[in-house]
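Everything on this sheet refers to the single structure shown next.
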Amino acid sequence: MKYAAKKIAAMLLTMVVVSLLTFTAFSLISGDAAEIMLGTQVTPERLAALRSELGLDRPLPARYLSWLLGFFTGDLGMSLQYHQPVRELIAPKVLVTLCLSVLCFLLITAVSIPLGLWSASRSGEALDGARTVVNQLCMAVPSFFTGILLSWGFGIALKWFMPGSFPDLGEDFFGAVKYLFFAAVAIAIPRVAMTVRMLRGTILTEMQKDYVRTAISRGAPRRRVLYRHVLKNSLAPVVTFLAQTMAEIVAAGIVVEQVFVIPGLGRILVASISNRDYLVVQAIVVILAFWVVLANTAADIINQRIDPRLRLGGDA
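Mapping of the sequence shown onto my numbering: residues 411 to 726, in sequence order.
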């Protein structure tokens, strides 16, 4: 419990630092938001009134504290480009990107762990080299290229879904998940290959240790030793790696969302950067950073539960 509490406190502190750096950076590079909103209709009187309304006439620390409080209460400001609250603008897109990320993560976990076990148990066979080549090929192909192939093959050729016609997540949840599944597969393929490679390597290393040789020499079935002991001891680095892939999933999702025309955070992030709508960009950056930090914190807590050595060290 002490270890988990420390990790959660560290996560909150990290998020405060990330939000402070993000807010400061965008405050310095975005220019005067009031001038951007007024455009060609700017006058000294209207500019002063709008700056006062937006709170831009206050010191930077006061503006940051106000924005941080608003972030945790859902008040993210007003979009300069779309002229509507940022929360209303990005809330449905957060749900879409969250569903895509979770679906992709579930695919990676459900496919890579059995494949990693199977690949390690078949190490040294005649087809081992062929499996290595296929694994390397899956890691090398970019997600956007795989997405184009999947969109053409399953969307245009087989008509399993209609590219560019994403169903509303609230009205047709299963239709939306079906649409997102192909984008998740495109993102997951190289990450599955990397996870399989890592799990295979850790299992083969663990199989060479003395306790495994002792258990097998005493008559314990090799499969039982593999599943009940070796797999558990091999999962700690894999869990950490899976948490790190959350950042890669989000980054790859920004591109893949363009390929599949998915109305998620990736599309609005690209559009907001192009339109210099920095309040929207700032909110999205902090949300994505929170997602990555949360995933890594969860991985640390899970590893502490898997490995007794970490548990003893954390409670000390």
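No residue lacks a Cβ here, since even glycine has one placed at the ideal position from N, Cα and C.
Do you know whose CA, among the options, lies nearest residue i's CA?
{"i": "P495", "options": "G480, G539 and S529", "result": "G480"}
{"i": "T655", "options": "R632, A435, A709 and G557", "result": "A709"}
{"i": "M549", "options": "L527, L516, P524 and A596", "result": "A596"}
{"i": "A594", "options": "I418, S533, R633 and S553", "result": "S553"}
{"i": "T507", "options": "L490, I664, G539 and D582", "result": "I664"}
{"i": "Q618", "options": "K417, K588 and V640", "result": "V640"}
{"i": "I613", "options": "V602, V635, R601 and A420", "result": "V635"}
{"i": "L423", "options": "L478, E455 and M488", "result": "L478"}
{"i": "S644", "options": "V521, T605, S682 and V587", "result": "T605"}
{"i": "F571", "options": "E581, G580, L579 and A586", "result": "A586"}
{"i": "L576", "options": "E498, E667 and A420", "result": "First, the residue type needs correcting, since residue 576 is Phe and not Leu in the sequence shown. Measuring from the Cα of F576, the nearest candidate turns out to be E667."}
{"i": "S682", "options": "F482, L438 and S489", "result": "S489"}
{"i": "F433", "options": "F555, P471 and P454", "result": "P471"}
{"i": "Y637", "options": "A420, W528 and E535", "result": "W528"}
{"i": "V521", "options": "R607, I711 and I712", "result": "R607"}
{"i": "I523", "options": "L568, W562, G611 and G629", "result": "G611"}
{"i": "L438", "options": "A459, P469 and P454", "result": "P469"}
Looking only at its own chain, which residues have a Cβ that is under 7 Å from the Cβ of residue i, when we skip the five neighbours before and after it?
{"i": "T519", "result": "L652"}
{"i": "A662", "result": "S553 and I597"}
{"i": "F564", "result": "W570, F571 and F592"}
{"i": "T673", "result": "One detail in the question is off: residue 673 reads as Pro in this sequence, not Thr. Around P673: K503, V506 and F576."}
{"i": "R677", "result": "E667 and Q668"}
Assign residue i to buried or exposed, taking buried as 16 or more other Cβ atoms, counted over all protein chains shown, within 10 Å of its Cβ.
{"i": "Y688", "result": "buried"}
{"i": "A726", "result": "Only weak support exists for where A726 lies, its pLDDT of 44 falling under 50; the coordinates are left without a value."}
{"i": "F592", "result": "buried"}
{"i": "A693", "result": "buried"}
{"i": "G526", "result": "buried"}
{"i": "A530", "result": "buried"}
{"i": "I566", "result": "exposed"}
{"i": "V695", "result": "buried"}
{"i": "L510", "result": "buried"}
{"i": "R623", "result": "exposed"}
{"i": "T556", "result": "buried"}
{"i": "L679", "result": "buried"}
{"i": "F482", "result": "exposed"}
{"i": "F515", "result": "buried"}
Tell me whether residue i sits in a helix, a strand or coil according to DSSP, three-state version.
{"i": "G724", "result": "Note that G724 scores a pLDDT of 49, beneath 50, so its modelled location is shaky; the value from the coordinates is reported in the next line. G724: helix per DSSP, three-state reduction."}
{"i": "M604", "result": "helix"}
{"i": "P407", "result": "Any answer about residue 407 is impossible in this case: the structure gives the chain only from 411 up to 726."}
{"i": "P495", "result": "strand"}
{"i": "M572", "result": "coil"}
CB-CB under 8 Å to residue i, same chain, minus the five flanking residues each way: which ones, in chain order?
{"i": "V702", "result": "M656, A657 and V660"}
{"i": "L579", "result": "P502, L505, V506, C509 and A586"}
{"i": "E616", "result": "V622, V640, N643 and S644"}
{"i": "A420", "result": "T707"}
Beta-carbon separation of residue i and residue j under 8 Å?
{"i": "V691", "j": "F436", "result": "yes"}
{"i": "I558", "j": "V669", "result": "yes"}
{"i": "A598", "j": "N545", "result": "no"}
{"i": "L675", "j": "I500", "result": "yes"}
{"i": "S600", "j": "V551", "result": "For the record, residue 600 in the displayed sequence is Pro; it is not Ser. Yes. Within cutoff."}
{"i": "T707", "j": "K416", "result": "no"}
{"i": "R632", "j": "I626", "result": "yes"}
{"i": "V504", "j": "A699", "result": "no"}
{"i": "L430", "j": "Y474", "result": "yes"}
Got a sec? Which residues, its chain only, sit under 6 Å from residue i by beta carbon, not counting five neighbours each side?
{"i": "Q491", "result": "N685 and D687"}
{"i": "L513", "result": "L590 and A594"}
{"i": "L609", "result": "G526 and V648"}
{"i": "R497", "result": "G484 and L486"}
{"i": "L560", "result": "F592 and A596"}
{"i": "L517", "result": "A594 and A598"}
{"i": "I712", "result": "V649"}
{"i": "P573", "result": "S561 and G565"}
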